[in-house]
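Remarks on the structure that follows.
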Amino acid sequence: MHAKSNETELSLEVTGLNCAGCAGRAERALAGVEGVTEASVNLANSAAVVSGQADLDVMALRDALAQAGYPAGEREVDLDIDHLTCASCVGRVERALSAVTGVVSAEVNLAQEQAHVRYLSGAVRIEDLLKASDSAGYPAHRRGSAEDDTAAREAEKADEITALGRLVLLAAVLTLPVFVIEMGGHMIPALHHWVARTIGTDNSHILQFVLTTLVLFGPGMRFYRLGLPALLRGAPDMNALVALGTAAAYGFSVVSTFAPGLLPAGTANVYYEAAAVIVTLILLGRWLEARAKGRTGAAIKALVGLQSKVALVVTGTSAEERAVSDLKEGDHLRARPGERIAVDGVVLSGQSFVDESMISGEPVPVEKSEGAELSAGTINGSAVLDYRATHVGADTLLAQIIRMVEQAQGAKLPVQALVDRITLWFVPAVIVTALLTFVVWLLAGPAPALPFAIVAAVSVLIIACPCAMGLATPTSIMVGIGRAAQMGVLFRKGDALQRLQEARVVALDKTGTLTEGRPSLTLMRCVDGRDRAEVLPLVAAAEAQSEHPIARAIVAAVEGELPEAESVEAIPGFGLRAKVAGQDVLVGAKRLMEREGIDVSPFLEEAETLAGRGATVLYAAIDGASAALIAVTDPVKAGSRAAVAAMQAQGLKVAMLTGDGQATAKAIAADLGIDIVEANCLPADKVQAIQRLQGEHGTLAFVGDGINDAPALAAADVGLAIGTGTDVAIEAADVVLVSGDLRGVVNAFTVSRATLRNIRQNLGWAFGYNILLVPVAAGVLVPFGGPLLSPGLAAGAMALSSVFVLSNALRLRRLKSGIDEQKSDGAFTGSGELERKARA
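Residue numbering for the sequence shown is -19 to 820, as defined by the numbering used here.
Spelled out as structure tokens, the structure:
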């Protein structure tokens, strides 16, 4: 659950979803609960995302789903509780656990020192329960090594696939004799005569009745158990269509077999094979669909697979293994060679190289020593590292990435709105169409009209496929966003996937985005009467409190201790002022010196030359007089040139927004081949520049990494934050590039465009299939010599329709990087272990 100010957002697992109509009805049920501002239900992963007031009643959401016929998924967990001594303790723990939003019930057993908690799947994390008990003064631990929600859901899906497989096999075994006797007799006259001579026509009908009854009330019972209640509620779904179609074919056949006198002469035909084949083929489609759905979540599985289960905790002179779920901030942990880092932390002792490719996408291991930060899921090299846990459980970077991907995968794109409106009326419209088909055939069809009317009506009910329409968008989103995560691109907001492919211009920040963000001091030219040894420590002392990369470069150039700086004042977009060793120090751009009336004309010619080479030029003044010219060079990132060229090859205009002077900005832009340059930009100027570019070119994406970039990220149609940037910038962005490599922008565009193209293909198929084949099933081609589809063929077409949509979405798993890494100007994998796991 994610809360923001007085609003909350939570996820729920929704069961019983079979088609787009089901998802729509569940969505409306949730939206009708008091306090809900927005509800979205995803058919592909059976999850609902609900936004509303902070005091939103989760139990009311649960009741609304149950009343609509789509109960919320529930889970159970057992916790070991420490320090339980009396009944009062039991009451306090039960109240603390029950107060966690999403908990259905909590029972604490004093004798066993255990708590049994039932909660809504998706709405509660185990960490929430552990924290609640800890806060009440009773430390809790997850009992045994039970798997988490994700693993439990995976196990349930695997069980569902296995159960469906068994049902398909049983239905096929029972259906085959019926199909051979009836359809074989139609196609092979000799077989028909053999059946009549040996078994007898009446006996063959009775045999078909017995076998079909076993199919319908055995493997096929699920359609009646789910479809008929939905029909009675006035909210028919895909199951209702199957139930109506098979019941019609079966019921007419039963009357023809046991009471043929009730029917007009010549109409007593049996359609047992149609009912049995329909059930078998649709079950086969559901089985294939379930298997394909399981593969849409491969990215999340790969991410979850990076999480450690146990960690080595150092206590005094010994070390013991402990479940990761039991770790707390401040724990002293040890990572042996080749082990995964269990949680985020800071190195206490040891020196090693850590493979961070699964988080950053960078293939080269990073050296770690005392004070270095570690991320959960990364792999320690060949030496022992002792580290202190700084973030555990849901607060680790890896856990946040998993949560970000899950939330984005459950998002609804604007394109889905049209689909939702159509699917709301689709199933009722199909039922009405089937009734009209029956009436028209009965009144105007050739004799005997009744059998033709029944076949056509049943075919209409069976061939219609709302599932394909409902799955078309969410499956592509799930696979596309998952593939993006494997390429080092995290979509924080799902709708950014659609907006990104609409972008016509990409605006890029310079420092830390196009360049390394690790500049170095390359020149300091002092005025006569002052020297570097005197001026540099004063300037560095003033800059020491700034986090800006240029400030760090100046500080790094000083050897030894720095003097004390007082009254440090940052002047955004200009520079800073400070009092150092009793002297007033001013450091900043030319515009700052002009504003303060300080003459820097002796340096202007050299400054222009340096800026033309791409250096950032600053000036220093002491006690109101010009003191020095400072040049800082920030090398261009490996891959920036290739990324800019690749973006332009995709038809995008590329702009650079920077606070640097015009000469420096133009030099770097010329080096990288950038189209548009906006120099001398203060933070507010960047927003204005973005608005100007939006007016000239249309939808705009902005890429940045610093605190100064947060307003620009928010102002852009799509904001992309370099993952190595500040938390403020990342929070303001729609997309996060984990590796910090600019070529991730190209991959973001590649994934966005491929996913939306895939969605359009799916929707084209889903709507085209229904628009074309429902009329064919109704028999509109018969007057022109065309075929009247059999219900069996209709069932096969319907089953394959959903499988086609899912298979097409799964093609996104093989999506290649949008940039030719062989021709790139730097190593960039963007995939790391996640990609290797996906291939495996």
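Just so you know, even glycine gets a beta-carbon here, dropped at the ideal spot from N, CA and C.
Simplified DSSP assignment, three categories, for residue i
i     : result
M778  : helix
M458  : helix
G341  : Its pLDDT being 49, under 50, G341 is placed unreliably by the model, and nothing is read from it.
S305  : helix
N788  : helix
V38   : helix
Y50   : coil
T376  : coil
F203  : helix
L(-8) : strand
H677  : helix
Y118  : coil
S439  : helix
C2    : helix
F682  : strand
C69   : helix
D366  : strand
N738  : helix
D721  : coil
G285  : helix
Cβ neighbour criterion (16 or more within 10 Å) applied to residue i
i    : result
V419 : exposed
F583 : buried
T706 : Low per-residue confidence applies at T706: pLDDT is 48, beneath 50, and the placement is therefore not dependable, though the value from the model is reported in the following sentence. It is buried - the Cβ of T706 has at least 16 other Cβ atoms within 10 Å.
S355 : buried
Q188 : buried
K289 : exposed
E336 : buried
F406 : buried
S85  : exposed
P199 : buried
P767 : exposed
T403 : buried
P431 : buried
Nearest-angstrom Cβ-Cβ length linking residue i and residue j, presumed shorter than 8 Å
i     : j    : result
A743  : A487 : The displayed chain sequence assigns Leu, not Ala, to residue 743. Going by Cβ atoms, the distance from L743 to A487 rounds to 31 Å, so no, they are not a contact pair.
K660  : G684 : Reading off the sequence shown, one finds Asn at residue 660, where the question assumed Lys. Not quite, the Cβ-Cβ distance comes to about 17 Å (not below 8 Å), so this is no contact.
V346  : F333 : 7 Å
C(-1) : P446 : 4 Å
S526  : A550 : 7 Å
E(-4) : V16  : In the sequence on display, residue -4 carries Gly and not Glu. Not confirmed; about 20 Å, so no contact.
D714  : R472 : 6 Å
Y367  : L307 : Not confirmed; about 12 Å, so no contact.
G619  : L769 : Not a contact, Cβ separation roughly 55 Å.
V616  : T502 : So it is not a contact: roughly 15 Å between Cβ atoms.
V30   : A19  : 5 Å
S732  : L480 : 4 Å
P157  : L191 : 6 Å
A696  : F682 : 4 Å
W267  : G145 : 6 Å
For residue i, the residue or residues it bridges with in DSSP
i    : result
F333 : E347
T295 : S298
D400 : Paired residues: none, contrary to the question.
H528 : H528 is not bridged to any residue.
Y99  : R55, V83
C506 : A608
F471 : V715
S20  : V29
Beta-carbon contacts of residue i that lie in its chain and below 7 Å, excluding the five residues immediately before and after
i    : result
G798 : A626, V726, N727, F729, T730
P264 : The residue asked about is misnamed: residue 264 is Leu in this sequence, not Pro. Cβ within range, chain order: V148, A779.
A103 : M(-19), L(-10), S(-9), L(-8), V38, T81, G82
T413 : V440, V754, A758
A789 : T276, T455, S456, V459, N738, N742
V785 : A448, L451, A452, T455, N742, W745, A746
Q563 : L518, I602, D603
V876 : Residue numbering for the chain in the displayed model covers -19 to 820; residue 876 lies beyond these limits and cannot be assessed.
Contact set for residue i: own chain, Cβ-Cβ below 6 Å, skip 5 residues either direction
i    : result
G675 : none
G592 : A643, A647
E319 : N360
L36  : T(-12), G15
8 Å CB neighbourhood of residue i in its chain, flanking five on each side removed
i    : result
V515 : M504, C506, A600, I602, A607, A608
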